Amino acid sequence: MDVTEETFATAVIERSRQVPVVVDFWAEWCGPCRQLGPVLEQAVARRDGKVELVKVDTDSNQNLARAFGIQGIPAVKAFVDGAVVSEFTGAQPPQEVERFLDGLVPSEADALVTQGDEQALRRALELEPSRADAAVPLAKLLLARGEPDAAIGILENVSGSFAADGLLARLELEREAEPDLRDAFSALDSGDTERGLELLIGAIPTADGATDQIRKVVVGVLDELGVESELARSARRRLAAALY
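What follows is the structure, given as C-alpha cells:
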C-alpha cells in the first residue's frame with residue numbers, strides 16, 4: 014500500500030498500535046529500491062497479517078522523508094505503538110530481511126509466555142527449553158504447589174539468567190536447610206521483599222559455605238525488581254558491603 018503525507022498518521026502511526034507496520038521509503042529511479050521491494054513484499058506476505066508493509070515515495074513526500082531523517086534509500090523503518098523500533102538502510106539479502114521481520118513478530122513461545130498459565134508456560138518450554146521468562150514463573154508455580162524437585166528440573170535447563178540462578182539457589186538452600194533462611198523466604202513469598210532482602214543479606218556474614226548461594230538469591234530478586242527500583246539500589250549497596 015502506498016502512503017502519503019496525508020495518510021501516514023492513520024496508516025502507520027495509528028495502525029502500528031494494532032500490528033507492526035514496516036515502512037519502505039523508496040523512489041522510482043532507485044535501483045536498490047526496486048531490488049528490495051519484492052523481497053520485503055514476499056517476506057511480509059509469509060507472515061499472514063502479523064506485520065504490514067507500506068511504501069512511501071520520497072520524491073512525492075519530501076516532508077515525510079525529512080521528518081524521519083531519510084538520507085539514503087531504500088530506507089526501511091518498523092513502527093510499533095506509534096514509534097520506530099527497528100530500521101535499516103540499503104538493499105538487504107532475503108535472510109537479513111527475514112531476521113528483521115522476525116524481531117517484530119512475536120513467536121509462538123512469546124505469546125505463550127504472555128498468556129502465563131501453567132499449560133502455556135510448559136508448552137513455551139517445549140518450544141524453547143532454556144527460556145528464562147517461562148522457566149522462572151513455572152518454577153514458582155511448582156514451588157508454591159510443593160514440588161521443589163520439579164522446579165529444580167525446570168531451572169537447570171536455563172543459563173544466563175540471574176532470576177533463574179537465584180531461584181535455583183534458593184531451592185538448593187531450602188533442600189540443604191543450612192543456614193536457616195525460612196523467615197527470609199517466607200517474607201519474599203508474602204510480598205515483603207524489603208524484609209526478605211534484609212534477612213538474606215544479614216545472613217551472609219555467618220553463612221560460611223552458603224555465601225555464594227545466598228548472593229545468587231539476592232541478585233535474582235534484584236534482577237526482578239529492575240534497575241530503576243530504589244529498593245534494588247539500596248540492597249545492592251548493602252550486598253556489596255556484606256560481601257566485601
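Counting with the working numbering, you get residues 14 to 257 for the letters of the sequence shown.
C-beta: ideal position from N, C-alpha, C; glycine also.
These numbers come from a predicted model, not from an experiment.
Taking only the alpha-carbon atoms, compute the straight-line gap between residue i and residue j and give it to the nearest angstrom.
{"i": "Ala-197", "j": "Thr-127", "result": "29 Å"}
{"i": "Leu-238", "j": "Leu-151", "result": "18 Å"}
{"i": "Pro-33", "j": "Arg-251", "result": "43 Å"}
{"i": "Leu-77", "j": "Leu-49", "result": "20 Å"}
{"i": "Leu-181", "j": "Leu-168", "result": "6 Å"}
{"i": "Gly-215", "j": "Ser-203", "result": "19 Å"}
In three-state DSSP terms, what is residue i?
{"i": "Phe-113", "result": "helix"}
{"i": "Ser-199", "result": "helix"}
{"i": "Ser-247", "result": "helix"}
{"i": "Thr-127", "result": "helix"}
{"i": "Thr-102", "result": "strand"}
{"i": "Asp-15", "result": "strand"}
{"i": "Phe-92", "result": "strand"}
On the criterion of 16 or more Cβ atoms from any shown chain inside 10 Å, does residue i qualify as buried, or is it exposed?
{"i": "Ala-254", "result": "exposed"}
{"i": "Gly-166", "result": "exposed"}
{"i": "Gln-105", "result": "buried"}
Does the beta-carbon distance from residue i to residue j come in below 8 Å?
{"i": "Pro-87", "j": "Pro-51", "result": "no"}
{"i": "Val-36", "j": "Val-89", "result": "yes"}
{"i": "Val-234", "j": "Leu-201", "result": "yes"}
{"i": "Lys-68", "j": "Trp-39", "result": "yes"}
{"i": "Glu-121", "j": "Leu-140", "result": "yes"}
{"i": "Leu-186", "j": "Leu-194", "result": "yes"}
{"i": "Asn-74", "j": "Glu-18", "result": "yes"}
{"i": "Ala-176", "j": "Asp-115", "result": "no"}
Should residue i be listed as close to the ligand ADP, given that the test is whether its C-beta is under 7 Å from any heavy atom?
{"i": "Gly-166", "result": "The ligand ADP is not part of the structure shown, which contains no ligands of any sort."}
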